[in-house]
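Colleague: Take a look at this one; I'll ask things after.
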Amino acid sequence: MNTRLTLSSLLKPVLPSIIGVFLCGFASAGFTLLSPIAVTRLALGALRGNLDSRTALFWLAMILIGFSLAHLLAGGATSYAHMVEFRFRRELRERIARHVSRLPLGWFVSESSGRIRTIIAEDVTKIHTIIAHFGVDLGAGIGTLLLGSAYLIALSWPYALILLVWLLVSLALFTVAMMLNPASGIEEFTEAEKDLSSSTVEMVDGIATVKAFGMSDSLFRRFSAALDRYTTASYEWMKGPGRPMAVLMVLISPAGMLVPVLLGGWALASAGLIEAILIVPFLLVGVALPSGLDGVIPLAHLLTQGKDAAERIGALLAEEPLPEAEHPLAIDPAAPAEVVLEDVSFRYREDAPYALRNVSARFPAGSVTAVVGPSGSGKSTLVKLIARFWDTSEGRILVSGAPIKELATPALLSQLAIVLQDGGLLSDSVTENIRLGCPDATEEEIVEAAKSALIHERILELPRGYDSVIGTEGAHFSGGEAQRLALARAFLSDSRILLLDEATAQADPHSERRIQEALGALARNRTTIVIAHRLATVVDADQILVLDQGRLVDSGTHTELLARKGVYADMWKAQQ
1 MNTRLTLSSL
11 LKPVLPSIIG
21 VFLCGFASAG
31 FTLLSPIAVT
41 RLALGALRGN
51 LDSRTALFWL
61 AMILIGFSLA
71 HLLAGGATSY
81 AHMVEFRFRR
91 ELRERIARHV
101 SRLPLGWFVS
111 ESSGRIRTII
121 AEDVTKIHTI
131 IAHFGVDLGA
141 GIGTLLLGSA
151 YLIALSWPYA
161 LILLVWLLVS
171 LALFTVAMML
181 NPASGIEEFT
191 EAEKDLSSST
201 VEMVDGIATV
211 KAFGMSDSLF
221 RRFSAALDRY
231 TTASYEWMKG
241 PGRPMAVLMV
251 LISPAGMLVP
261 VLLGGWALAS
271 AGLIEAILIV
281 PFLLVGVALP
291 SGLDGVIPLA
301 HLLTQGKDAA
311 ERIGALLAEE
321 PLPEAEHPLA
331 IDPAAPAEVV
341 LEDVSFRYRE
351 DAPYALRNVS
361 ARFPAGSVTA
371 VVGPSGSGKS
381 TLVKLIARFW
391 DTSEGRILVS
401 GAPIKELATP
411 ALLSQLAIVL
421 QDGGLLSDSV
431 TENIRLGCPD
441 ATEEEIVEAA
451 KSALIHERIL
461 ELPRGYDSVI
471 GTEGAHFSGG
481 EAQRLALARA
491 FLSDSRILLL
501 DEATAQADPH
511 SERRIQEALG
521 ALARNRTTIV
531 IAHRLATVVD
541 ADQILVLDQG
551 RLVDSGTHTE
561 LLARKGVYAD
571 MWKAQQ
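So the sequence shown is numbered by UniProt numbering: it starts at 1 and just counts up by one.
Written as structure tokens, this is what we have:
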């Protein structure tokens, strides 16, 4: 799939609106010129002594009409552009969210949450100025330059030519200076800006953990390095592309334009080519001739940011969604809830080593199977493959007799209750966190699930009970309590297969005992697959699978595995 999304293709749906507000900006520039034209006519009439009251009233009315229409057009176009941008931003975020929701669950394991947050929040926002302001500002800038130039040429083409030559020479010098300064300065600045944003997110997200280990000094090391890089890039950008831009802004500013207006007018008047009085309209119009470009030129940097943002959005939208079966199978409710792995191999990328290799196993319906092994042996990968976090590289997995690749994802997940190590709590009420297990659950069913998970009493201790928002208002849970909330979801889901990834990993001894009690009730009449590092928690499992370096090296009961004196026996001995 093509991962490249250009800014123009991203903005294609709103291009007619951008053109429309551009034309409004152009027209507003024409009405804006009515004021200096009227003032010029009034001044010329007064100086020449032929200004009557009717003419004066006419031009005063033109000033009022021009001012009103210019602001009405510019303000209306800007408001409309903002409404278009708000709608575009909402639709783009919805498009990203819909696409992300179709990605494999495993994508979220390997992908940085900071990157997703940056794309949805920051990159989409960077398009704001281009849609909401660029069209109006560009139209006003070009309109002021073209219409103002036409008016001045009509008054005196030699005088107008001096101003236009000044502008062209200024732009030519700027172009040459930019060509002599490589674009890498801008690219380095943009990269440094992204790196600083990422480092800031990492610092905020990791500050509690790092401080807990007494490493506050190192906490800011990466952030400081990113800040130094950004500062250096900013300085280099100002020395390179920034300096010519600053000089250009001075040359085309009203103060800079006074040079050709006054010197040119004096030279032409001295030579008898123009009336000295013509300096007045050139002062009023000529000085402001390039003023519209003041707001357009800085937009070049915003266009660069928008281009980069579009490419990152495109890369995210190009991530392959989980392929769905064209004609998905239905799971037979009467089929036993067993899981079968047939010669399963898996690697995260085509060029990566295998995380699992030729694993075949059967998890009988209603049984408890523990998956154990040294760190990095593939335990979590195996369990996540059953939930179709990823598709297997080779072999297949069957749930209730149906290959999971041929099941609709909602149908597969409806068979599974998954409890991961961190509990996966959301910044929402306790009720809504538990309701994730069954969106249609009643309040009574939620309370019953919490009681089954032995977390009901702890919830009642919160300031607002089940309505407390987790992470606020004193509604904080320990690791073990978060696990029991996750177990409440599993009770509520009433799924036939239970996947537990180190469910007691973050629990203290008291919480571990409560979790084990809840697990005992939850596993009843369910096919349970549990990952465990502490072997003492799974000695009563119906079968234990032993993984080592991605391969299934042994299986059996606790007693059988100890008798074989293999990897499991070594692990058991090490933990005693």
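For each residue, glycine too, the CB sits at the ideal point set by N, CA and C.
Computed from a predicted structure; not experimentally measured.
1) Taking 9 Å as the cut-off, decide whether the C-beta atoms of R221 and L196 are in contact.
2) Grab me the residues of P353's own chain with a C-beta within less than 7 Å of its C-beta, minus the 5 sequence neighbours each way, in chain order.
3) Between the stretch 39 to 59 and the stretch 163 to 174, do at least 3 Cβ pairs fall closer than 8 Å?
4) Nearest to F223 by CA position, among E193, T559, F108 and D467, is which residue?
5) So, is L303 buried or exposed, given that buried needs 16 or more other C-beta atoms within 10 angstroms?
6) What residues are listed by DSSP as bridge partners for S555?
7) Which residue from T118, S380 and S101 puts its Cα closest to that of H533?
8) With which residues is T528 paired in a DSSP beta bridge?
9) Tell me whether V250 is buried or exposed, calling it buried when 16 or more other Cβ atoms sit within 10 Å of its Cβ.
10) Please classify S68 as buried or exposed, where buried requires at least 16 other C-beta atoms within 10 Å of its C-beta.
11) Which residues in the same chain have their Cβ closer than 6 Å to the Cβ of D343, if we skip the five residues on either side of it in sequence?
12) Pick helix, strand or coil for G395, following the three-state DSSP scheme.
13) Starting from N433 and walking both ways along the beta strand (DSSP E), at which residues does that stretch end?
14) Per the DSSP calculation, E342 is bridged to which residue(s)?
15) Thinking I470 and L426 are a contact (beta carbons under 8 Å), I'd like their distance in whole angstroms, please.
16) Distance check for F477 and L485, CA to CA, integer angstroms please.
17) Since I believe T527 is in contact with E350 (beta carbons under 8 Å), could you give me their beta-carbon distance rounded to a whole number of angstroms?
18) Have a look at E457 and L535 and give me their C-alpha separation to the nearest angstrom.
19) Would you tell me roughly how many angstroms separate the C-alpha atoms of A441 and S345, rounded to the nearest one?
20) In the structure shown, what three-state DSSP assignment does M1 receive?
21) Nearest-angstrom Cα distance between F491 and A226?
22) Measure the beta-carbon distance from L103 to E319 and round it to whole angstroms, keeping in mind my assumption that it falls under 8 Å.
23) When the Cα atoms are used, what is the spatial distance from T369 to L499?
24) Determine the closest residue to T6 out of L73, R312 and P463, with distance taken between C-alpha atoms.
25) Determine the direct distance from the alpha carbon of V136 to that of G20, and round the result to whole angstroms.
26) Closest to V430 by CA distance: which of A449, G520, D494 and T32 is it?
27) Using a Cβ-Cβ cutoff of less than 6 Å, which residues in the same chain neighbour A417 once the five nearest sequence positions on both sides are dropped?
28) Where do the N-terminal and C-terminal ends of the alpha helix (DSSP H) with I130 fall, by residue?
29) At 4 residues or longer, what runs of the alpha helix (DSSP H) sit wholly inside the stretch 445 to 477?
30) Note down, in chain order, each residue of its chain lying with its Cβ closer than 7 Å to the Cβ of V287, except the 5 sequence neighbours on either side.
31) Could you tell me the distance, in whole angstroms, from the CA atom of W157 to the CA atom of Y80?
32) Relative to the C-alpha of Q415, which residue among V176, D542 and G437 is closest?
33) Closest to L385 by CA distance: which of N433, L329, A334 and L322 is it?
34) Look at the Cβ atom of A309, then the Cβ atom of I119, and state whether they are nearer than 9 Å.
35) My guess is that L356 and L382 are in contact by the Cβ rule of under 8 Å, so how many angstroms apart are they, rounded?
Modeller: If we stick to the structure as given:
1) As a first step, residue 221 must be located in the sequence shown, where it is residue number 221. As a first step, residue 196 must be located in the sequence shown, where it is residue number 196. Not in contact: R221 and L196 (Cβ atoms no closer than 9 Å).
2) What you label residue 353 is simply residue 353 of the sequence shown in a count that begins at 1. Here the set comprises R347.
3) no
4) Position 223 of the sequence shown holds residue 223. It is E193.
5) Your numbering for residue 303 matches position 303 in the sequence shown. So L303 counts as exposed.
6) Within the sequence shown, the letter at position 555 stands for residue 555. For S555, which the question treats as bridged, DSSP gives the partners L545.
7) Working through the sequence shown from its first residue, we reach residue 533 at position 533. Among T118, S380 and S101, the Cα nearest to that of H533 belongs to S380.
8) Locating residue 528 in the sequence shown gives position 528, counting from the first residue. Note: T528 is bridge-paired with V368 and L498 in the DSSP secondary-structure output.
9) Within the sequence shown, residue 250 is the residue found at index 250, counting from 1. Result: exposed.
10) If you number the sequence shown from 1, residue 68 lands on position 68. Its Cβ having fewer than 16 others within 10 Å, S68 is exposed.
11) On the sequence shown, residue 343 is found 343 positions in, with the first residue counted as 1. Hits under 6 Å: N358, S360 and G395.
12) Working through the sequence shown from its first residue, we reach residue 395 at position 395. Correct three-state label for G395: strand.
13) One-based indexing of the sequence shown puts residue 433 at position 433. Per DSSP, N433 belongs to no beta strand (DSSP E); it is in the alpha helix (DSSP H), V430 to R435.
14) The count along the sequence shown starts at 1 and reaches residue 342 at position 342. Its beta-bridge partners are R396.
15) Counted from its first residue, the sequence shown places residue 470 at position 470. Counted from its first residue, the sequence shown places residue 426 at position 426. Correct: roughly 7 Å between the Cβ atoms.
16) Within the sequence shown, the letter at position 485 stands for residue 485. Within the sequence shown, the letter at position 477 stands for residue 477. Taking the straight line joining both Cα atoms gives about 9 Å.
17) Sequence index remark: in the sequence shown, residue 350 carries index 350 (1-based). Sequence index remark: in the sequence shown, residue 527 carries index 527 (1-based). Not confirmed; about 32 Å, so no contact.
18) Counting from 1 along the sequence shown, the entry for residue 457 is found at position 457. Counting from 1 along the sequence shown, the entry for residue 535 is found at position 535. Cα to Cα, the separation comes out at about 30 Å.
19) Residue numbering aside, residue 441 sits at position 441 when the sequence shown is read from its first letter. Residue numbering aside, residue 345 sits at position 345 when the sequence shown is read from its first letter. Near 38 Å, if we compare the C-alpha coordinates of S345 and A441.
20) The residue labelled residue 1 in the question sits at position 1 within the sequence shown. Confidence is the limiting factor: at M1 the pLDDT is only 45, short of 50, which leaves the residue's position unreliable, though a coordinate-based value still follows. Looking at M1 - three-state DSSP - the assignment turns out to be coil, as it is neither helix nor strand.
21) Indexing the sequence shown from 1 puts residue 491 at position 491. Indexing the sequence shown from 1 puts residue 226 at position 226. So the two alpha carbons sit approximately 46 Å from each other.
22) Here residue 103 is taken as the residue at index 103 of the sequence shown, counted from 1. Here residue 319 is taken as the residue at index 319 of the sequence shown, counted from 1. About 6 Å separates the two Cβ atoms, so the contact holds.
23) Start at 1 with the first residue of the sequence shown, and residue 369 comes out as number 369. Start at 1 with the first residue of the sequence shown, and residue 499 comes out as number 499. Put simply, the backbone Cα of T369 is about 10 Å away from that of L499.
24) Against the sequence shown, residue 6 aligns to sequence position 6. Of the candidates L73, R312 and P463, the one whose C-alpha sits nearest the C-alpha of T6 is R312.
25) The sequence position of residue 20 within the sequence shown is 20, counting from 1. The sequence position of residue 136 within the sequence shown is 136, counting from 1. Cα to Cα, G20 sits roughly 9 Å from V136.
26) For this step, residue 430 is matched to residue 430 along the sequence shown. V430 has its Cα closest to that of A449, out of A449, G520, D494 and T32.
27) Taking the first residue of the sequence shown as 1, we reach residue 417 at position 417. Hits under 6 Å: A490, S493, S495 and L498.
28) The count along the sequence shown starts at 1 and reaches residue 130 at position 130. Counting along the chain, I130 falls outside any alpha helix (DSSP H), and DSSP gives it neither H nor E.
29) 456 to 460
30) Indexing the sequence shown from 1 puts residue 287 at position 287. Taken in chain order, the residues that qualify are P254, M257, L258 and V261.
31) One-based indexing of the sequence shown puts residue 157 at position 157. One-based indexing of the sequence shown puts residue 80 at position 80. Computed Cα separation, rounded: 38 Å.
32) As a first step, residue 415 is located in the sequence shown; it is residue number 415 there, counting from the start. Nearest C-alpha to Q415: G437.
33) Along the sequence shown, read from residue 1 onward, the residue named residue 385 stands at position 385. Measuring from the Cα of L385, the nearest candidate turns out to be L322.
34) By 1-based counting over the sequence shown, the position of residue 309 is 309. By 1-based counting over the sequence shown, the position of residue 119 is 119. The Cβ-Cβ distance between A309 and I119 falls below 9 Å.
35) Along the sequence shown, read from residue 1 onward, the residue named residue 356 stands at position 356. Along the sequence shown, read from residue 1 onward, the residue named residue 382 stands at position 382. Right, the Cβ-Cβ distance comes to about 6 Å (below 8 Å), so this counts as a contact.
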